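Numbering (our numbering), first residue to last: 1 to 485.
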């Protein structure tokens, strides 16, 4: 291999220029030795007046500017860092690290970037730390590669952020970070676990066409504006539990290959899950949808659980397929949506042979259908068909109503002496128990069990016979339907 013929510059020469406050400008050189500001015997917090421009060069030794204030611009465009670098606690003006390569660890924790921070097409081959850093103006990592553990936890981005086309091949964390303006991760790939839990995004968030090969964690995150995950692939477990979407949330054409958790989340704008594929279970328990939510032409290969959720507007499932679906104790404000959603859940449960759940969703489907009828039909149906007969899925409720009905007529006959003792086949005085027996017999048999109603109560006895017999037959049918196979 040909020997590198680039000029070789000792680190001491650079340190001397910094100490004198002179500009540091090198291009296409090899710098050997450590550049450590602590060797200048300055105060703990070092103020560097020199601008530093070392481009297309190779730094062999350690670079330590920790706890420094860099008043001049810093430009390491195209430079290779062969050893560890330390900018922890450093304050930058303009910081340019485009096309740089970091072979060892890079530490920018607690750093402050007062102006633009540019790391486009840089390559971090080892671990990289930006923990609790502050980016005051535009931040640009477009096309950067992160091979090792990458940590941006609790960082603050006061202006727009661009990580489009980045490759995060190991664990990456933005936990607790605050994005004041737009956030762009379009077409980025995440090879390990990706932690975005507890983030706050005040601007639009773009994650279109991303690939999450490991787990993706967005728990307790807050997106004040639109969040776009269109055509994204989630290869591992996906968690958005307790997250909040201030405007529209787009997940259309996305693939979820493992379990998905949206429990206790809030969607203030439209939620778009059209043409998605869920290979495993998806959980929306206790979530709130303030606007329309769409799952058109979506494939649910696992169960979809919307229990205890609230839907203030429409929910649409046109052309979707389900393995299992439930809306148990969910609140659907629009009757038409309740009818359609519960019908689909009923069909899915019937396909799985779960008649208990199918009956529950049939009841709610009919309730939604009833609410769409005119008031003069809606309210009588509420009392007679829904409360009493339970749409054929609540036999015990019907039985209790039948007992109450029989008891009411027994009380009526007893109070008004509705049995004709002189015409009765019984020779004894009619007691309260006889009135109860008379009411039961009238409600379930063609006769009066040896008793005869007075002329004033023949019509009432006939009415009890008609209604009671119908209720008893309905109870037997409902009971058999619910408990017999």
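Backbone N, C-alpha and C fix where the C-beta goes; we use that ideal spot for every residue, glycine too. Here the structure is a predicted model, which means the values were calculated and not measured.
{"Query": "Ordered list of alpha helix (DSSP H) runs contained in the stretch 348-374, each at least 4 residues", "Result": "355-371"}
{"Query": "Helix, strand or coil at residue 478 [DSSP, three-state]", "Result": "helix"}
{"Query": "Residue 261 classed as buried or exposed, judged by whether at least 16 other C-beta atoms fall within 10 angstroms", "Result": "buried"}
{"Query": "Residue 218 and residue 201 closer than 8 angstroms at C-beta", "Result": "no"}
{"Query": "C-alpha gap between residue 357 and residue 346, whole angstroms", "Result": "7 angstroms"}
{"Query": "Closest by C-alpha distance to residue 259, when choosing among 251, 280 and 16", "Result": "280"}
{"Query": "Unbroken alpha helix (DSSP H) run spanning residue 406, endpoints", "Result": "395-415"}
{"Query": "Boundaries (first-last residue) of the beta strand (DSSP E) holding residue 12", "Result": "Taken as a continuous stretch (DSSP letters only), residue 12 belongs to no beta strand (DSSP E), being part of the alpha helix (DSSP H) at 11-20."}
{"Query": "Classification of residue 339 by the beta-carbon crowding that lies within 10 angstroms, buried from 16 upward", "Result": "buried"}
{"Query": "Same chain, Cβ closer than 6 angstroms to residue 291, neighbours up to 5 away in sequence not counted", "Result": "269, 270 and 313"}
{"Query": "Cβ-based neighbour list, residue 352, same chain, cut-off 8 angstroms, excluding 5 preceding and 5 following", "Result": "323 and 324"}
{"Query": "Close beta carbons around residue 137, own chain, < 8 angstroms, minus the five adjacent residues each side", "Result": "113, 114, 115, 116, 117, 158 and 159"}
{"Query": "Residue span of the alpha helix (DSSP H) that contains residue 29, given as start and end", "Result": "Residue 29 -> no alpha helix (DSSP H), and no H or E assigned at all."}
{"Query": "Outcome for residue 241 when other beta-carbon atoms lying within 10 angstroms are tallied against a minimum of 16", "Result": "buried"}
{"Query": "Under the three-state DSSP convention, the category residue 473 falls into", "Result": "helix"}
{"Query": "Inter-residue Cα distance where the pair is residue 489 and residue 287", "Result": "The requested residue 489 does not occur in the structure, where the chain is confined to residues 1 to 485."}
{"Query": "Within the stretch 269-324, ranges of the beta strand (DSSP E) (whole runs, at least 3 residues)", "Result": "299-305"}
{"Query": "Proximity winner among 130, 343 and 334, relative to residue 371 (alpha-carbon distances)", "Result": "334"}
{"Query": "Beta-carbon proximity of residue 156 to residue 184, cut-off 8 angstroms", "Result": "no"}
{"Query": "Residue burial classification, residue 376 (beta-carbon count within 10 angstroms, cutoff 16)", "Result": "exposed"}
{"Query": "Where residue 431 sits in the DSSP three-state scheme", "Result": "coil"}
{"Query": "Sequence-distant residues of its chain with Cβ nearer than 6 angstroms to residue 193 (five each side left out)", "Result": "171, 214 and 215"}
{"Query": "For residue 455, the three-state DSSP class (helix, strand or coil)", "Result": "helix"}
{"Query": "Under 8 angstroms between C-beta atoms of residue 64 and residue 37", "Result": "yes"}
{"Query": "Spatially closest choice to residue 265 from 300, 253, 254 and 223, by CA coordinates", "Result": "223"}
{"Query": "Opposing strand residues paired with residue 58 [DSSP bridges]", "Result": "30 and 80"}
{"Query": "Cβ neighbours of residue 53 in the same chain (closer than 6 angstroms, five flanking residues each side left out)", "Result": "25 and 75"}
{"Query": "Simplified DSSP state of residue 463, which is helix, strand or coil", "Result": "helix"}
{"Query": "Among 220, 225 and 246, the one whose alpha carbon lies nearest that of residue 238", "Result": "220"}
{"Query": "Distance, residue 328 Cα to residue 98 Cα", "Result": "54 angstroms"}
{"Query": "Same chain, Cβ closer than 7 angstroms to residue 374, neighbours up to 5 away in sequence not counted", "Result": "none"}
{"Query": "Unbroken beta strand (DSSP E) run spanning residue 47, endpoints", "Result": "46-48"}
{"Query": "Same chain, Cβ closer than 6 angstroms to residue 277, neighbours up to 5 away in sequence not counted", "Result": "255 and 299"}
{"Query": "For residue 442, the three-state DSSP class (helix, strand or coil)", "Result": "helix"}
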